[in-house]
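Below you'll find the structure, written out as structure tokens, and then a few comments.
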Amino acid sequence: MTGRISVRNLANSYGIVPMPQSIEVAANSDSFTLMADTAIVCQGEAGKACAAYLQQRLAAATGLTLAVTGADSGRAILLEVAPETLAFTEQDAYTFQSSADRILITGKSAAGVFYGVQTLLQLLPAAVYGDTVQPGLDLAIPALRISDKPSLDRIRGLHVDLARHFRTLDELRTVIDCMAMHKLNTLHLHLTDDEGWRVELEAYPHLTAVGAIGNKSNPEAPAAFLTQDDVRDLCAYAKSRYISVIPEIDMPGHMGAAIKSYPELKSATELRDPGKVMRIDEQGQAFAKAVLREIDGLFQPGYIHIGCDEVNVFVDEPIYTDEELQGFVQAMTSYVKDELKKTPIVWDDPFEKGFYDRDTVVQWWRYGKKHWWAPIDRTIDEGLNAEKQPFIMSPAYWTYFDMPNVRPEEGYAGWAQPISAAELYNWDPFEDMFGVTAATRELTLGAIACTWSENIVTMTDFGDRTFPRLAAYAERLWRGGKSEAPSILSWPEYRDRVLIPFQLKRYDALGIHYWSKDEPQKLLALEDKAKKL
């Protein structure tokens, strides 16, 4: 016998982030308790990967090393990929059933099983996210039935800017673990910019020997970059947590580090020194193609991001005409598609100038019609929907985590204005989008929140800007906004039932800093409001 309880009521009991679509409590059924003789039962390579992850995480925090087996016997956690048994169409969907003698996690795909494992971990004490054995933990899991799927099934992402201030391989692993806990599936790496080139390429060794020296804070800082072995390690680690990596090489602007490394790359029409915009003639395109070819072989990605933003900003006269830039964008996206057989991504700047290509993905970052660089006639999101252009949501107004959490008493408030955890929680991605209809909604492949690192120097800074906003963001990507899920908790309910008693404790166990860690009252003081244009 089960009793269907609303997610609103259950949130106070379990604090799962993001909250599942449906939870039922099994009446008159005992909890399942993890013990030394509990087995993890799985079939196939996908199941084994999820089992190994669960085994490792539980051993680190509880001291229990559960046996992994293919035979179903006794008290066990069963992991299975069985797409035919789930009614959902979303590939990341899963179901979770627990009783006194077993837990069954069924995924539409291996990723779905992994997200079910994340739900299982969140039903245990927050200490399971730590790396020190904690004796005496209550390892009882209540008897539940959970059916769950994401609102955005394809891309739920986080962007990390390595160029302005570098993140080490260990720091990126921590980021990936945090993403996995929030059921995010895409890591977008901004690898190059004016301040630094952060990935080793054999074809152009000066890119790291020269271009990796310095950062936004200190132009003389020692070279910092990911070696090719680092990249392989990182991609394998991300894959083990069902996270895809999107590498970005921003071109032809934001190329200061490359030009410092190879001065002949500088555009002949750029008057600034040092240069920031590369040449786009045959020589420049040959360089770009060689870089993208090696990036493709190294990362083995599904998408390759080539930037193409902010080329003619902060200059008295345009460096290139719109026609010249569109020709370059066309050449590079065609190369990625036709030669590398991958899907290219560009920022929304070429689209706003007339670049439409349904086999290329546009990353929408500019919101509204008025901007500090130039006004535009129609909003980017309105245009994307009108032109039926596939895109990723990264509207700076809601998803640029380099913006302050709250408006400072003095000083700069950020060009896209502060965004509090409350405002992000109250974001309604499709309700707040211009031009979207039921027919065009499928154009939205997902969303990526950006952590531009001009002012994110350390991992403490990263945590201050990212958490707990990432939890609010994950809620909107997984559950949808209030227009899709009217029963979601209000911000005060979410803060008091989920964030404070559960999620912040998980952050503590992971050893990551978050905005209100040292001043808890700051979270309580946030106004319950939505950020509207």
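To convert, take the position in the sequence shown, counting from 1, and add 569; that gives our numbering.
For each residue, glycine too, the CB sits at the ideal point set by N, CA and C.
Please read all numbers here as calculations on a predicted model, not as lab measurements.
Inter-residue spacing [alpha-carbon to alpha-carbon] between residue i and residue j
{"i": "Val610", "j": "Lys1074", "result": "29 angstroms"}
{"i": "Ala618", "j": "Phe1003", "result": "41 angstroms"}
{"i": "Val930", "j": "Val1026", "result": "30 angstroms"}
{"i": "Lys1100", "j": "Ile988", "result": "8 angstroms"}
{"i": "Phe999", "j": "Asp971", "result": "23 angstroms"}
{"i": "Gln1090", "j": "Arg1064", "result": "12 angstroms"}
{"i": "Glu789", "j": "Leu834", "result": "22 angstroms"}
{"i": "Asp606", "j": "Arg644", "result": "8 angstroms"}
{"i": "Arg1048", "j": "Gln660", "result": "15 angstroms"}
{"i": "Ile715", "j": "Tyr981", "result": "45 angstroms"}
{"i": "Thr571", "j": "Val800", "result": "Note on Thr571: pLDDT 49, under 50, position unreliable in the model; no value is reported."}
{"i": "Glu817", "j": "Asp1030", "result": "22 angstroms"}
{"i": "Arg1121", "j": "Ile1057", "result": "For the chain, the structure presents residues 570 to 1102; residue 1121 sits outside this window and is missing."}
{"i": "Ala628", "j": "Ile1081", "result": "20 angstroms"}
{"i": "Tyr1042", "j": "Asn597", "result": "36 angstroms"}
{"i": "Arg767", "j": "Glu593", "result": "48 angstroms"}
{"i": "Leu840", "j": "Lys829", "result": "15 angstroms"}
{"i": "Asp730", "j": "Leu760", "result": "7 angstroms"}
{"i": "Thr1009", "j": "Glu956", "result": "10 angstroms"}
{"i": "Asp891", "j": "Gly1050", "result": "37 angstroms"}
{"i": "Gln624", "j": "Ala651", "result": "21 angstroms"}
{"i": "Ala613", "j": "Val682", "result": "Ala is not the amino acid found at residue 613; the sequence shown has Gly there. C-alpha separation (whole angstroms): 12 angstroms."}
{"i": "Lys922", "j": "Met901", "result": "16 angstroms"}
{"i": "Asp1087", "j": "Leu1093", "result": "13 angstroms"}
{"i": "Met824", "j": "Ala778", "result": "16 angstroms"}
{"i": "Asp739", "j": "Leu803", "result": "9 angstroms"}
{"i": "His775", "j": "Gln986", "result": "38 angstroms"}
{"i": "Pro1055", "j": "Val586", "result": "17 angstroms"}
Spatially closest choice to residue i from the options, by CA coordinates
{"i": "Pro913", "options": "Ile815, Glu833, Pro973, Thr968", "result": "Ile815"}
{"i": "Asp798", "options": "Gly1080, Ile864, Met748", "result": "Ile864"}
{"i": "Tyr1076", "options": "Gly1032, Lys1051, Lys1091", "result": "Gly1032"}
{"i": "Leu648", "options": "Ala630, Phe657, Thr688", "result": "Thr688"}
{"i": "Trp1084", "options": "Met1028, Leu1058, Ser1059", "result": "Met1028"}
{"i": "Glu1023", "options": "Ser582, Lys785, Arg725", "result": "Lys785"}
{"i": "Gly853", "options": "Ala656, Gly871, Pro821", "result": "Pro821"}
{"i": "Thr1006", "options": "Glu951, Lys1086, Ala620", "result": "Glu951"}
{"i": "Arg626", "options": "Phe897, Arg810, Glu839", "result": "Arg810"}
{"i": "Leu713", "options": "Ala696, Gly685, Leu721, Gly726", "result": "Gly685"}
{"i": "Gly676", "options": "Gly616, Gln691, Asp700", "result": "Gly616"}
{"i": "Asn954", "options": "Trp967, Tyr889, Trp933, Val898", "result": "Trp933"}
{"i": "Tyr622", "options": "Ala640, Leu690, Asp907", "result": "Leu690"}
{"i": "Ala695", "options": "Glu1053, Pro870, Ala630, Ala680", "result": "Ala630"}
{"i": "Trp996", "options": "Asp1097, Glu1088, Val697", "result": "Asp1097"}
{"i": "Ala855", "options": "Ala772, Trp1021, Asp1001, Ala985", "result": "Ala772"}
{"i": "Gln590", "options": "Ser642, Thr654, Tyr663", "result": "Tyr663"}
{"i": "Ala656", "options": "Phe601, Lys718, Ala640, Leu693", "result": "Lys718"}
{"i": "Leu909", "options": "Gly866, Met588, Asp926", "result": "Gly866"}
{"i": "Ala990", "options": "Asp722, Tyr969, Leu1079, Glu893", "result": "Tyr969"}
With 16 other Cβ atoms within 10 Å as the buried cut-off, status of residue i
{"i": "Glu992", "result": "buried"}
{"i": "Asn974", "result": "buried"}
{"i": "Asn754", "result": "buried"}
{"i": "Pro944", "result": "exposed"}
{"i": "Pro1061", "result": "exposed"}
{"i": "Arg947", "result": "exposed"}
{"i": "Met604", "result": "exposed"}
{"i": "Gly584", "result": "buried"}
{"i": "Thr701", "result": "exposed"}
{"i": "Gly783", "result": "buried"}
{"i": "Glu851", "result": "exposed"}
{"i": "Gly765", "result": "buried"}
Paired residues, beta bridge with residue i - DSSP
{"i": "Pro913", "result": "Ile873"}
{"i": "Leu726", "result": "For the record, residue 726 in the displayed sequence is Gly; it is not Leu. Paired residue(s): Thr755, Ile1017."}
{"i": "Leu673", "result": "Leu647, Gln666"}
{"i": "Tyr773", "result": "Beta-bridge pairing links Tyr773 to no other residue."}
{"i": "Met820", "result": "Gly876"}
{"i": "Phe924", "result": "Answer by DSSP bridge pairing: none, since Phe924 is not bridged."}
{"i": "Ser813", "result": "Thr755"}
{"i": "Trp934", "result": "Its beta-bridge partners do not exist; DSSP assigns none."}
{"i": "Arg714", "result": "Glu593, Gln666"}
{"i": "Tyr969", "result": "Cys1019"}
**OP:** Check whether the segment 633-642 touches the segment 659-668, taking contact to mean three or more Cβ pairs, one atom from each stretch, closer than 8 angstroms.
**Re:** no
Original post:
Is it true that the segment 855-866 meets the segment 882-889, where meeting means three or more beta-carbon pairs spaced less than 8 angstroms apart?
Top reply: no
Original post:
Pairing CB atoms from the segment 792-812 with CB atoms from the segment 824-844, are three or more of them under 8 angstroms?
Top reply: no
**OP:** Would you be able to state if there are at least three C-beta pairs under 8 angstroms between the segment 736-753 and the segment 1050-1068?
**Re:** no
**OP:** Could you tell me whether the segment 954-963 touches the segment 1010-1020, where touching means 3 or more Cβ pairs closer than 8 angstroms?
**Re:** yes
**OP:** Examine the Cβ distances between the segment 1029-1049 and the segment 693-708 and report whether three or more of them are shorter than 8 angstroms.
**Re:** no
Subject >> Touching by the beta-carbon criterion (3+ pairs, under 8 angstroms), the segment 871-878 and the segment 908-928 >> reply: yes
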